[in-house]
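Novice: The working numbering puts the first residue of the sequence shown at 2, with every later residue one more than the last.
Don't be surprised by glycine CBs; every beta carbon is placed ideally from N, CA and C.
The structure displayed is predicted, hence computed values, not measured ones.
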Amino acid sequence: MKGCRHAKAWIQRAVDGELSLHERFRLEEHLGGCSSCRSLHAAQETLEEALLSLPDPPADRLDLDCAVAEVRAKIDETLAEPDAPGLDARPGSGRRRLARWGVAAVLLGVTAALALRALLAGPVDGDPTPLAEPAIRRNFAPEPAAPETDAVVPTRLDEVRSTVAGELVAALGELSPTAPRAEVEAALAGFQNRTRDLSRSWPLLRIVEGLVAVRDEETARAAARYLGVRGNAISTGALRDGISRPDIAPAAVCALGDLGEPGLDGLADALRDPKLFALALDRIIAVGGEGAARLVEDALGRVARRMRTYPDQGTQDELASLLLALGSMEPPPVESFLRLAERGTLPRGELLGALRNVFGAKAELGALVASGRASWNEEILLDALAVLAPEAALPWIAERAAERAHRDQALACLVAYGDASALAVLVELRANGRVASEHVVATARRVLDEDGGPALDLAMRWTGPPEVPRPDARTASRLLDLLLETESRGSGEALAHLAFAETLSRDERLLAALAVGELGLPDHTLRLVEGMRGLQTGDHRIAAACLLSAHALGGVDGAERALDAVGHVSPRSGRRLLHLCDEAEREGTRAVTLYKVARELETYYDPKHRKETVSAL
Numbered sequence: 002m003k004g005c006r007h008a009k010a011w012i013q014r015a016v017d018g019e020l021s022l023h024e025r026f027r028l029e030e031h032l033g034g035c036s037s038c039r040s041l042h043a044a045q046e047t048l049e050e051a052l053l054s055l056p057d058p059p060a061d062r063l064d065l066d067c068a069v070a071e072v073r074a075k076i077d078e079t080l081a082e083p084d085a086p087g088l089d090a091r092p093g094s095g096r097r098r099l100a101r102w103g104v105a106a107v108l109l110g111v112t113a114a115l116a117l118r119a120l121l122a123g124p125v126d127g128d129p130t131p132l133a134e135p136a137i138r139r140n141f142a143p144e145p146a147a148p149e150t151d152a153v154v155p156t157r158l159d160e161v162r163s164t165v166a167g168e169l170v171a172a173l174g175e176l177s178p179t180a181p182r183a184e185v186e187a188a189l190a191g192f193q194n195r196t197r198d199l200s201r202s203w204p205l206l207r208i209v210e211g212l213v214a215v216r217d218e219e220t221a222r223a224a225a226r227y228l229g230v231r232g233n234a235i236s237t238g239a240l241r242d243g244i245s246r247p248d249i250a251p252a253a254v255c256a257l258g259d260l261g262e263p264g265l266d267g268l269a270d271a272l273r274d275p276k277l278f279a280l281a282l283d284r285i286i287a288v289g290g291e292g293a294a295r296l297v298e299d300a301l302g303r304v305a306r307r308m309r310t311y312p313d314q315g316t317q318d319e320l321a322s323l324l325l326a327l328g329s330m331e332p333p334p335v336e337s338f339l340r341l342a343e344r345g346t347l348p349r350g351e352l353l354g355a356l357r358n359v360f361g362a363k364a365e366l367g368a369l370v371a372s373g374r375a376s377w378n379e380e381i382l383l384d385a386l387a388v389l390a391p392e393a394a395l396p397w398i399a400e401r402a403a404e405r406a407h408r409d410q411a412l413a414c415l416v417a418y419g420d421a422s423a424l425a426v427l428v429e430l431r432a433n434g435r436v437a438s439e440h441v442v443a444t445a446r447r448v449l450d451e452d453g454g455p456a457l458d459l460a461m462r463w464t465g466p467p468e469v470p471r472p473d474a475r476t477a478s479r480l481l482d483l484l485l486e487t488e489s490r491g492s493g494e495a496l497a498h499l500a501f502a503e504t505l506s507r508d509e510r511l512l513a514a515l516a517v518g519e520l521g522l523p524d525h526t527l528r529l530v531e532g533m534r535g536l537q538t539g540d541h542r543i544a545a546a547c548l549l550s551a552h553a554l555g556g557v558d559g560a561e562r563a564l565d566a567v568g569h570v571s572p573r574s575g576r577r578l579l580h581l582c583d584e585a586e587r588e589g590t591r592a593v594t595l596y597k598v599a600r601e602l603e604t605y606y607d608p609k610h611r612k613e614t615v616s617a618l
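Below you can see the structure in the form of structure tokens.
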């Protein structure tokens, strides 16, 4: 406060109880060294006492003239005292002018207040419902008596501080400095009850903030934990100061964590202290959210830079702890990992490997890409998608595959997916011509050489029963074309399934059945035999292709299994069919042999023969 001018402006507000605790401290400091302002303050308090001593007039017989006269007499009596401290009687005195203005203001205030009191004091015209008590009446009538308690409310600041400190220690002194928030909340219930009267007159929160700086360790620690559960953003200043005190630093860190989001800046300070690092990191994880993830992300960058300059085991451990902490955040901080990769904070492989272990990161990344909000470096994003393989991002990957700049990486990403959904994207890319056929076929071959399961899954999905939702028949045909072009041995089982798919034409099924013999494995013979049992009238050419493929995969044993599936083949016809199969393998005349075998089997798929067979059974 600069000079008496500011003090005079605050004196009346102090008498009215409108000063903040900070303003009250500064006014008291000025009054201690300025006798003139101290005298003015005493005179103002005398005027206030004079006003409060006036009796309340009856509302129905209000005599404003009499009330004003009494106030004026009281004031004149006070001003006329020769020993009145600090009042200068000279006509031109500034103090006298201030007194006259004060008298006028008081008279005007009294007149208005009493008139309003008369208007609101009771029912009007016999109305049985009384009006609400106006807030202004507090200056003229005592407030309702508070419930009787044994507590004595202190009247001086030092007494209040001492009382609050004692109650805090009594409530929280036995708790561990790092006790959970729930325990602190429970322990403060009694404190709130015992300080209820104080809280009506004093700003307890600001007083407790000051107690964090006292020398007594127990008091300061209890004050810090109180601020963690009862404080606000302003309280973080006191708690951040507490971090620099080794005796109460753990309690201050825990309190900052209890504050949640407002305490993150203070926790960032604590992360820089090796002794507080683990505790601060634990509290940051508990806070969670985007702000906490950003804090850990920044700390990772700082520690990584230090690691490059001063590599040591301690720094390496900090780095690992921060990376693990970032991965444990809720919601999954996928964007933080992408930012770190973009900045080159850590090797990309290390970051994306850690991202693989983050629970929920796959769905989060898929949603981020599908939403169109992914404004990251596309190369980094494709690497992340290759690690997590979220299905929701496949349309975005297909778009990148159609771009020359990202084609190779996008196709490699589909190989990393390696599932039926990725293979479906390849089928679509080949069909729409946006990617050259040779690139699509080469990518599909890489997928199928790893595992033929995706091809079988897709074939079953696209040729399932009519009640199961599926694409149109052309999609199954496109899949067959791609599988035949890849010539991958991993596609044999899928081809065996397509050979009996009713969504394909008979010619397409015939091609699929013949391809199994060239691309399949011995284990695929069983699927051919099972499918042959369901062949219908007129399917003798498909049956012939299956017989040839079963012989190619399983030899005579495989061919005999296939003949059993045809049903009631005569011994003579069976020997002839086995001879034709051997001839086809020996001379490579599969087309001619297929025709001969089909003619031999035609009788067994004739409607009349079928009827006779069923009757015999």
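#1: Would the region 400 to 415 count as touching the region 356 to 375 if we require 3 or more Cβ pairs under 8 Å?
#2: Give the list of continuous alpha helix (DSSP H) stretches no shorter than 4 residues that lie fully inside the region 472 to 555.
#3: What are the boundary residues of the alpha helix (DSSP H) that includes V403?
#4: State the Cα-Cα distance for the pair A214 and D159, rounded to the nearest angstrom.
#5: Specify whether the region 319 to 336 and the region 288 to 306 touch according to this definition: at least 3 beta carbon pairs, one from each stretch, less than 8 Å apart.
#6: Ends of the alpha helix (DSSP H) at V448?
#7: DSSP three-state call for W463: helix, strand or coil?
#8: Give me the residue from Y606, A585, D607, C5 with the minimum Cα distance to K597.
#9: Leaving out the 5 sequence neighbours to the left and right, which residues in its chain are closer than 8 Å to R510 when beta-carbon positions are compared?
#10: Roughly how many whole angstroms lie between the Cα atoms of T164 and A187?
#11: Mind reading off the beta-carbon distance from G518 to A553? Whole number of angstroms is fine, and I expect it under 8 Å.
#12: Candidates A460, R479, Y418: which alpha carbon is nearest S438's?
#13: Mapping DSSP to helix, strand and coil, what is L277?
#14: Take N378 and list the residues in its own chain whose beta-carbon comes closer than 7 Å to its own, dropping the five residues that flank it on each side.
#15: Could you compute how far the alpha carbon of A477 sits from the alpha carbon of L496?
#16: In angstroms with no decimal places, state the Cα-to-Cα distance between A619 and T487.
#17: Considering only the beta carbon of each residue, do V304 and L320 sit closer than 7 Å?
#18: Leaving aside the five residues before and after R340 along the sequence, list all residues of the same chain whose C-beta is less than 7 Å from its C-beta, in chain order.
#19: Do T316 and R307 have their C-beta atoms closer together than 7 Å?
#20: Going by alpha carbons, who is nearest to A355 out of L265, D198, S329?
#21: Would you kindly report the start and end of the unbroken alpha helix (DSSP H) that includes Y227?
#22: Identify the continuous alpha helix (DSSP H) that holds N433 and give its terminal residues.
#23: So for F360, helix, strand or coil by DSSP?
#24: Identify, in the order they occur along the chain, each residue of the same chain with its Cβ nearer than 6 Å to the Cβ of A300, setting aside the five sequence neighbours on each side.
#25: For S506, count neighbouring C-beta atoms within 10 Å of its own C-beta (all shown protein chains included) and say buried if the count is 16 or more, exposed if not.
#26: Excluding sequence positions up to five away, which residues of its chain have a Cβ less than 8 Å from the Cβ of I12?
#27: Between which two residues does the alpha helix (DSSP H) holding Y596 run?
#28: Measure the Cβ-Cβ separation of A445 and L457 and say whether it is below 7 Å.
#29: Could you spell out the range, first to last residue, of the alpha helix (DSSP H) harbouring T237?
#30: Excluding five sequence neighbours on each side, which residues of the same chain lie with their C-beta closer than 7 Å to the C-beta of S422?
#31: Spatial neighbours of L280 within its chain, please: C-beta separation below 8 Å, excluding the five flanking residues on both sides.
#32: Where does D473 land, buried or exposed, given buried means 16+ other C-beta within 10 angstroms?
#33: By how many angstroms is the C-alpha of A10 removed from the C-alpha of E30?
#34: Which residue comes first and which comes last in the alpha helix (DSSP H) that contains G315?
#35: Which of the three DSSP states is assigned to W377 in this structure?
#36: Is Q13 helix, strand or coil when you go by DSSP?
Specialist: Checking against the coordinates, here is how it stands:
#1: no
#2: 474 to 487, 493 to 499, 507 to 520, 526 to 533
#3: Note on identity: in this sequence residue 403 is Ala, with Val being the wrong assignment. Here A403 belongs to no alpha helix (DSSP H), and DSSP marks it neither H nor E.
#4: 15 Å
#5: yes
#6: 438 to 451
#7: helix
#8: A585
#9: L499, A500, F501, A502, I543
#10: 20 Å
#11: 4 Å
#12: R479
#13: coil
#14: E343
#15: 11 Å
#16: Nothing about residue 619 can be reported from this structure: the residues present for the chain run from 2 to 618 only.
#17: yes
#18: E298
#19: yes
#20: S329
#21: 218 to 231
#22: 421 to 433
#23: coil
#24: L272, L323
#25: exposed
#26: L28, C38, L41, H42, Q45
#27: 591 to 603
#28: no
#29: 237 to 244
#30: E392, L395
#31: T179, P251, V254, C255, A271
#32: exposed
#33: 15 Å
#34: 314 to 328
#35: coil
#36: helix
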